[in-house]
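Written below as structure tokens is the structure these notes are about.
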Amino acid sequence: MLDLRHYDSLGAALRDALDRFSDHVCLIEADRDHENHRLTYKQFRPQAMPVALALEDSHFGAGSRAAILMSNQSKWLIAAYAILYRGGVFVPLDYKLGAQEHAELLAHSKAEILFVEYHLWRMLQRAPGFARLHLRAVFVTEAPEGADIGAARRWELCLPTREPAFVPRTRQDWAGIVYSSGTGGRPKGCILTHENYLEQCRSLTTWYPFWPGVRYLSILPTNHAIDFMVGFIGPFVCGAAVVHLRTLRPEYIREAFQRFQITYASVVPLVLKNVERSLRARFDELPPARRRALDGIVALNRALTRRRPHPRLSRLLLPQVHRVFGGKLLALIVGGAFTEPATLQFFYDLGIPVANGYGLTEASTAITVNDLKPFRADTVGKPLPGVEVRIVNAGADGVGEVEVRGKTVMAGYLDDPELTAETIVDGWLRTGDLGWLDPEGHLHLVGRKKNMIVTEGGKNVYPEDIERAFEDLPAKEFCIFAANYLWPARSLGGSESLVLVLRPDGDAAGPDGLRDEILARNRRLSDFKRVSGLLVWESDFPRTASLKIKRPELARQIAERVERSAVIEL
Numbered sequence: 169m170l171d172l173r174h175y176d177s178l179g180a181a182l183r184d185a186l187d188r189f190s191d192h193v194c195l196i197e198a199d200r201d202h203e204n205h206r207l208t209y210k211q212f213r214p215q216a217m218p219v220a221l222a223l224e225d226s227h228f229g230a231g232s233r234a235a236i237l238m239s240n241q242s243k244w245l246i247a248a249y250a251i252l253y254r255g256g257v258f259v260p261l262d263y264k265l266g267a268q269e270h271a272e273l274l275a276h277s278k279a280e281i282l283f284v285e286y287h288l289w290r291m292l293q294r295a296p297g298f299a300r301l302h303l304r305a306v307f308v309t310e311a312p313e314g315a316d317i318g319a320a321r322r323w324e325l326c327l328p329t330r331e332p333a334f335v336p337r338t339r340q341d342w343a344g345i346v347y348s349s350g351t352g353g354r355p356k357g358c359i360l361t362h363e364n365y366l367e368q369c370r371s372l373t374t375w376y377p378f379w380p381g382v383r384y385l386s387i388l389p390t391n392h393a394i395d396f397m398v399g400f401i402g403p404f405v406c407g408a409a410v411v412h413l414r415t416l417r418p419e420y421i422r423e424a425f426q427r428f429q430i431t432y433a434s435v436v437p438l439v440l441k442n443v444e445r446s447l448r449a450r451f452d453e454l455p456p457a458r459r460r461a462l463d464g465i466v467a468l469n470r471a472l473t474r475r476r477p478h479p480r481l482s483r484l485l486l487p488q489v490h491r492v493f494g495g496k497l498l499a500l501i502v503g504g505a506f507t508e509p510a511t512l513q514f515f516y517d518l519g520i521p522v523a524n525g526y527g528l529t530e531a532s533t534a535i536t537v538n539d540l541k542p543f544r545a546d547t548v549g550k551p552l553p554g555v556e557v558r559i560v561n562a563g564a565d566g567v568g569e570v571e572v573r574g575k576t577v578m579a580g581y582l583d584d585p586e587l588t589a590e591t592i593v594d595g596w597l598r599t600g601d602l603g604w605l606d607p608e609g610h611l612h613l614v615g616r617k618k619n620m621i622v623t624e625g626g627k628n629v630y631p632e633d634i635e636r637a638f639e640d641l642p643a644k645e646f647c648i649f650a651a652n653y654l655w656p657a658r659s660l661g662g663s664e665s666l667v668l669v670l671r672p673d674g675d676a677a678g679p680d681g682l683r684d685e686i687l688a689r690n691r692r693l694s695d696f697k698r699v700s701g702l703l704v705w706e707s708d709f710p711r712t713a714s715l716k717i718k719r720p721e722l723a724r725q726i727a728e729r730v731e732r733s734a735v736i737e738l
């Protein structure tokens, strides 16, 4: 791994990585059942230099801004490298957003250059705000032969005619402007410096190192803060390889683990839960004798790995399980939303550690991560090296707002000094999340400050905390709201109650059966935490790119479509 303490910019570190690890594979791109290409670090450079030269010819230099609007693929990383090589600021955009949202974020970021896939470019040109954009150059990838791309340029026409100039930057210069997934209304562009990224990478690789031969499967969108760090910067400065799939169909993801012998992969909790269900279903199909044998081996593995993971031992004890994941997997990385402790423990007992963590774009990605010394399923881990976490305004239960300080905290929000001043106070980032620290220094989250409910008796209730009592409920998805939040009370005298909004599983019991199950779970909760109503919701929950539920959007949809009388009383 490169010693990032000696670098002032991402561009300089990545440039040296291409030389240091020249003969190692850095990128593999596959589409369904065939491999598009694989590049060594030596081969990556001639792919990126024509793009950097095209930027130079477009008068793109220090501090210039370029947006990337693509799905996960090699060209995404090549474009990012070229931008950083030329001393620019990258603006990664979520390709799953609509064209109008793309136009708004391009305008807000003041991007001068755009790298975009052909089908997204076609949609963007039809967006109402497109005519007001001031893009100096657009580079379109994968445009069919003869397709009309207007004044844009084809990526393939970026040809080498000379060596582009490298533009050095300092640690305090901007490296990226990153928007939270699903940003709506008031855009919040987080300004991240070169130091932010370099220090974040140093912290993460201290506990989870990469090296030549490691293969990281990039599933989350690369525009997402997690995948940009552990699916690009981390692997490249360590000489590892990134595997991109041009399809995210589950059967091809499963095949990729085996085909490319994946070492690490990042997933969101929803995907992790689906994998757990699939494995449990397979285990349930085993004959009784084989199931008892499996349970005994899992218990043995749990006992032998209580203090720390033993990958080789776990693979020997549970070879069939590990073959499903390719036989080389060291850990899955999960974040972006709450993950059930039972799910984390399930995978760890099989010898597949899940690096559960907590982070924000405003802190460059990760704030805390489980260091697996020992494994803890009940927390979101310890603060990373160089990161300070404190709890402020804690109540009698120790719960208060989580604040963070360190070199990974952003420089601020783009063109929004007031919001920046509200969010970063005396160097401490106010996260808006509520939690507490245990004596071992592990962080426990209970919910978002803005989601907190105060009962008639003055008790603080956190929906995310209560939802843990309903783990494994036979439903596709669910969440909890205060009834008066969904349907505002006409007077202050109305009592507050909690409503469980649930999208049923097609094979599950009907409302009556669910009602009995919810009542059984309710009895495990304190009186003031109990759910008093059930609302069956047949539509998909709106989610962000990292698959977190958009609670305000879901609440808006519920309030518009159904009356309070539709709630089934419990």
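For the sequence shown, our numbering assigns the number 169 to the initial residue and increments by one for each residue that follows.
Beta carbons: idealized from backbone N, C-alpha and C, even for Gly.
From residue i to residue j, what distance separates their C-alpha atoms?
{"i": "V669", "j": "K718", "result": "13 Å"}
{"i": "L660", "j": "L654", "result": "Because L660 sits at a pLDDT of 39, beneath the cut-off of 50, its placement in the model cannot be relied upon, and the following sentence gives the value as read from the coordinates. Rounded to whole angstroms, L660 to L654 spans 15 Å at the Cα level."}
{"i": "E423", "j": "V730", "result": "43 Å"}
{"i": "I736", "j": "F649", "result": "14 Å"}
{"i": "P477", "j": "K541", "result": "9 Å"}
{"i": "V548", "j": "A499", "result": "15 Å"}
{"i": "G741", "j": "T529", "result": "In the structure displayed, the chain extends from 169 to 738; residue 741 sits before or after that span and is not available."}
{"i": "K644", "j": "K278", "result": "40 Å"}
{"i": "P403", "j": "R483", "result": "24 Å"}
{"i": "I726", "j": "T588", "result": "32 Å"}
{"i": "P260", "j": "I236", "result": "5 Å"}
{"i": "D640", "j": "L440", "result": "13 Å"}
{"i": "R692", "j": "L738", "result": "15 Å"}
{"i": "A220", "j": "L438", "result": "38 Å"}
{"i": "D184", "j": "A230", "result": "19 Å"}
{"i": "S195", "j": "P328", "result": "Per the sequence presented here, residue 195 reads as Leu, with Ser not at that position. Cα to Cα, L195 sits roughly 21 Å from P328."}
{"i": "L182", "j": "Q268", "result": "33 Å"}
{"i": "D187", "j": "G318", "result": "38 Å"}
{"i": "A275", "j": "N204", "result": "34 Å"}
{"i": "P312", "j": "R322", "result": "10 Å"}
{"i": "T591", "j": "R206", "result": "43 Å"}
{"i": "G357", "j": "T576", "result": "16 Å"}
{"i": "P487", "j": "L518", "result": "10 Å"}
{"i": "D452", "j": "S446", "result": "10 Å"}
{"i": "D741", "j": "L360", "result": "Only positions 169 to 738 of the chain appear in this structure, which leaves residue 741 out of reach."}
{"i": "G574", "j": "G595", "result": "8 Å"}
{"i": "R173", "j": "L366", "result": "8 Å"}
{"i": "P479", "j": "R448", "result": "21 Å"}
So the candidates are the options; which of them puts its Cα closest to the Cα of residue i?
{"i": "S665", "options": "D262, N652, R671", "result": "N652"}
{"i": "L552", "options": "A250, A523, E203", "result": "A523"}
{"i": "R300", "options": "K716, P260, L273", "result": "L273"}
{"i": "S239", "options": "A271, E285, W705", "result": "E285"}
{"i": "G603", "options": "I317, G266, R616, R636", "result": "R616"}
{"i": "S707", "options": "F696, R698, E721, V699", "result": "E721"}
{"i": "K711", "options": "K264, A275, D176", "result": "Here the sequence assigns Arg to residue 711, which means Lys is not the residue at that position. The residue with the shortest Cα to Cα distance from R711 is K264."}
{"i": "R724", "options": "I501, P656, L182, A471", "result": "P656"}
{"i": "D539", "options": "E556, K243, P521, T533", "result": "P521"}
{"i": "K243", "options": "D565, R213, V346, G525", "result": "R213"}
{"i": "V555", "options": "R544, S532, F543", "result": "S532"}
{"i": "V614", "options": "V593, E569, L597", "result": "E569"}
{"i": "G525", "options": "P585, D565, L372, H270", "result": "L372"}
{"i": "S700", "options": "R683, K716, F709, L715", "result": "R683"}
Buried or exposed: which applies to residue i, given that a residue is buried once 16 or more other Cβ atoms fall within 10 Å of its Cβ?
{"i": "Q340", "result": "exposed"}
{"i": "R658", "result": "A caution first: R658 carries a pLDDT of 46, below 50, which makes its placement in the model unreliable, though a value can still be read off. Exposed."}
{"i": "G609", "result": "exposed"}
{"i": "L325", "result": "exposed"}
{"i": "N690", "result": "buried"}
{"i": "D262", "result": "buried"}
{"i": "S694", "result": "exposed"}
{"i": "S733", "result": "exposed"}
{"i": "E632", "result": "buried"}
{"i": "K550", "result": "buried"}
{"i": "T374", "result": "exposed"}
{"i": "R337", "result": "buried"}
{"i": "G352", "result": "Residue confidence for G352 is low, a pLDDT of 42 falling below 50, so the modelled location carries little weight and cannot support an answer."}
Practice item. Starting from the N-terminal side, write out each stretch of the beta strand (DSSP E) that is 3 residues or longer and does not extend beyond the region 479-505. Key: You should have 499-502.
Exercise for review: Please specify which runs of the alpha helix (DSSP H), each continuous and at least 4 residues long, are wholly inside the region 174-224, giving them in chain order.
Suggested key: Counting only runs of at least 4 residues, the region 174-224 fully encloses the following alpha helix (DSSP H) elements, listed from N- to C-terminal order: 178-188.
Exercise for review: Inspect the CB distances between the region 407-422 and the region 376-393 and report whether three or more fall short of 8 Å.
Suggested key: The region 407-422 is in contact with the region 376-393.
Review point. If we count Cβ pairs, one from each stretch, closer than 8 Å, do we get three or more for the region 456-470 versus the region 386-396?
Key: Because the criterion of three Cβ pairs below 8 Å is not met, the region 456-470 and the region 386-396 do not touch.
Review point. At which residue ranges does the region 506-590 contain complete alpha helix (DSSP H) runs of 4 or more residues, listed in the order of the chain?
Key: Every unbroken stretch of the alpha helix (DSSP H) spanning 4 or more residues and falling wholly within the region 506-590 is given here in chain order: 509-517.
**Study point:** Completely contained alpha helix (DSSP H) runs for the region 384-416, where each covers 4 or more residues
**Key:** The region 384-416 contains these whole alpha helix (DSSP H) runs: 393-396, 402-406.
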